[in-house]
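Structure first, then comments.
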Amino acid sequence: MASRITIVGCGYVGLTTGACFSSLGHEVTCTDVDADRVELLNRGEVPILEAGLDNLLREGINGGRLKFELGSIEAASQSEFVYLCVPTPQGLDGSADLSYIEAAANEIGPHLQPETIVVNKSTVPVGSTRVVEQALGRSDVYVVSNPEFLREGSAVHDFLHPDRIVIGADDQSAAVRVASLYLGVAAPLIVTDPPSAELIKYASNAFLATKVSFVNAVAAVCEAVGADMNDVVLGMGYDKRIGHEFLRPGPGWGGSCFPKDSRALIRIAEDAGYDFDLLEGVVGVNEEQFDRVAAKAIELVGGSIDGKLVAVWGLTFKARTDDLRDSPSLEIVRRLKERGARISAFDPSVSMPLSPRAASVLEGIDIAVDPYAACIDAEVLVVLTEWDEFKWLDFDKVASVLAQPRVVDGRNILDRESLRLRGFDYRGIGRT
Ligand code: UDX
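Residue numbers (the numbering used here): 1328 to 1759.
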């Protein structure tokens, strides 16, 4: 049965959730406090790069099942479900900042119909369901946790074909009502209490971050003993208990979730009296990885990068997204700049003129029009995001425009042997 749903927050999570629920037949109103964003969305424009999202939004709008509004009070007061999809950024002490969630709950609380279900979709610390209950100030509505496990770039696919749906509710009937929204989505359903649902989200992200840090640490050992990390992960991945996913060595993990969620889990554990040393180590290995990749470029150019031009391919935190938030690439670029390097970069999703948000994080980086232009007169090329198109470029041309044919393959995506045949000095991650 179709339900009326309000989504509070039109970011990656809110837009994907809204568009996907409308494609499942529900009547959805997505709300935001940003008037420009709402206007853009009402014109049918999508402010983020997310495969399939534009089509779903258009279908929803044309079918009359999806609309966008400034402010959430009116829509929330007429809905059976209100999904909170506002940011939970990292606070100064590493804990998640709940002020957006609390403000949203405060605002809608007095206007909700009795029996409305308010759902936390944002990643919120254990115990936040209670915080929302308090902020709503109502005893006749339900608060349920329904964490998202959406990967940027494949968020729509992940929403409609999830590995699992997790619902944390104290009230079984509220859990059943939330589960009914997903009718048509085939996935295992885990119904539990709110703290367990909240922890499932953090533990999953922290585990994946651990997997990548583990692989990057083994890559460091590979370099020291002359092993090839690409073969090592292949051999590990065939063990079904390990699996091939999240075993790619790289420049470190980043993005809008892993860094803040790992730190938040460390903090949650600390507050609960547990010292999560293991996760501290995982974060530490990741920071070291940024240093290690920067050091590879510096070593390749002879020990000092001061005043030298470095070509960078890839600025986003992973391929098939335009998201620059907490990108390992930018961490590495910052380290190179601190040592005096000049940076000329190319990324398929970054073009001039830069958006104000991109301009603020890319300050001091020259943005090239194509990957070859980024390499002109550069002393070394550093590949930091795994965009497929980088694999199939004309590397004779790349070699001819670089000042020296040197490459740090920060994602192990290039063909090492063919590059060496073309005269490149090549360094990968965990393979020399
Ligand atoms: C992640 C989770 O996958 C998702 O379930 C959660 O809801 C939000 O956080 P996302 O941030 O989109 O999704 O990125 P993801 O694809 O998981 O990658 C995270 C980081 O790890 C990226 O920087 C990526 O490049 C890196 N990574 C991933 C590796 O370096 N190696 C790998 O094998 C996998």
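Backbone N, C-alpha and C define an ideal beta-carbon position, used for all residues, glycine too.
If you look at S1507, you'll find it in the alpha helix (DSSP H) that goes Q1499 to S1507. Classified as buried, E1550 has 16 or more neighbouring CB atoms from the shown chains inside 10 Å of its CB. Taking a 10 Å sphere around the C-beta of G1511, we find fewer than 16 other C-beta atoms and assign the residue as exposed.
Closest option to I1400, judged by alpha-carbon separation, among C1357, H1571, E1386 and H1438: H1438. Taken through DSSP and simplified to helix, strand or coil, K1645 comes out as coil.
For G1345, the closest C-alpha among the options R1652, E1396, V1548 and D1363 is that of E1396.
Contact annotation, R1331 with E1354: C-beta distance approximately 5 angstroms; criterion of less than 8 angstroms satisfied.
Around the beta carbon of K1567, fewer than 16 other beta carbons lie within 10 angstroms, which makes this residue exposed.
For the beta strand (DSSP E) assignment, the uninterrupted runs of no fewer than 3 residues enclosed by the stretch 1596-1667 are, from N- to C-terminal side, 1636-1640. By the criterion of a C-beta distance shorter than 7 angstroms, E1429 is surrounded in its chain by V1458 and A1462, once the five residues flanking it on both sides are discounted.
Per DSSP, the beta bridge partners of F1408 are I1332 and I1444.
Membership of S1745 in the alpha helix (DSSP H) is indicated by the continuous run R1743 to L1748. With the rule of 3 Cβ pairs closer than 8 angstroms, the stretch 1549-1564 does not count as touching the stretch 1630-1649. The nearest non-hydrogen atom of ligand 1 is 6 angstroms or more from the C-beta of K1587. A1533 has no beta-bridge partner at all, per DSSP. Sequence-distant Cβ neighbours of A1501 in its own chain, meaning closer than 8 angstroms and more than five residues away, are I1444, Y1469 and V1471. Residue state for S1472 is assigned as strand, using DSSP reduced to three classes. Contact annotation: the stretch 1376-1391 does not touch the stretch 1408-1416, with fewer than three C-beta pairs closer than 8 angstroms. Look at the beta carbons and you see the stretch 1710-1728 not touching the stretch 1682-1695: under three pairs across the two are nearer than 8 angstroms.
I1692 sits in a strand when the DSSP states are folded into three classes. Under the rule that a run must span 3 or more residues, the beta strand (DSSP E) segments found entirely inside the stretch 1349-1416 read 1354-1359, 1393-1397 and 1408-1411. The residue from R1669, P1586 and I1517 with its alpha-carbon nearest to that of E1607 is P1586. Contact between V1628 and R1733 holds, since their C-beta atoms are separated by about 7 angstroms, short of 8 angstroms. Collapsing the DSSP output to three states places R1575 in coil. The DSSP-derived three-state label of I1527 is helix.
By alpha-carbon distance to L1351, the top candidate from E1572, A1362 and L1487 is L1487.
For F1573, the distance from the CB to the nearest heavy atom of ligand 1 is below 6 angstroms. Secondary structure note for D1723: its alpha helix (DSSP H) is the uninterrupted segment F1722 to V1728. Counting of Cβ neighbours within 10 angstroms places K1623 among the buried residues, the total reaching 16 or more. Look at L1592 here: in three-state DSSP terms it is helix. The stretch 1419-1436 makes contact with the stretch 1593-1602; the number of CB pairs closer than 8 angstroms reaches 3 or more.
For G1562, the enclosing alpha helix (DSSP H) begins and ends at M1556 to G1564.
Counted as a single uninterrupted DSSP element, the stretch harbouring V1451 is not any alpha helix (DSSP H), since DSSP gives it neither H nor E. The bridge partners DSSP lists for R1738 come to none.
DSSP lists A1638 and D1693 as the beta-bridge partner residues of S1671.
Taking non-hydrogen atoms of ligand 1 into account, the C-beta of E1479 is found less than 6 angstroms away from one of them.
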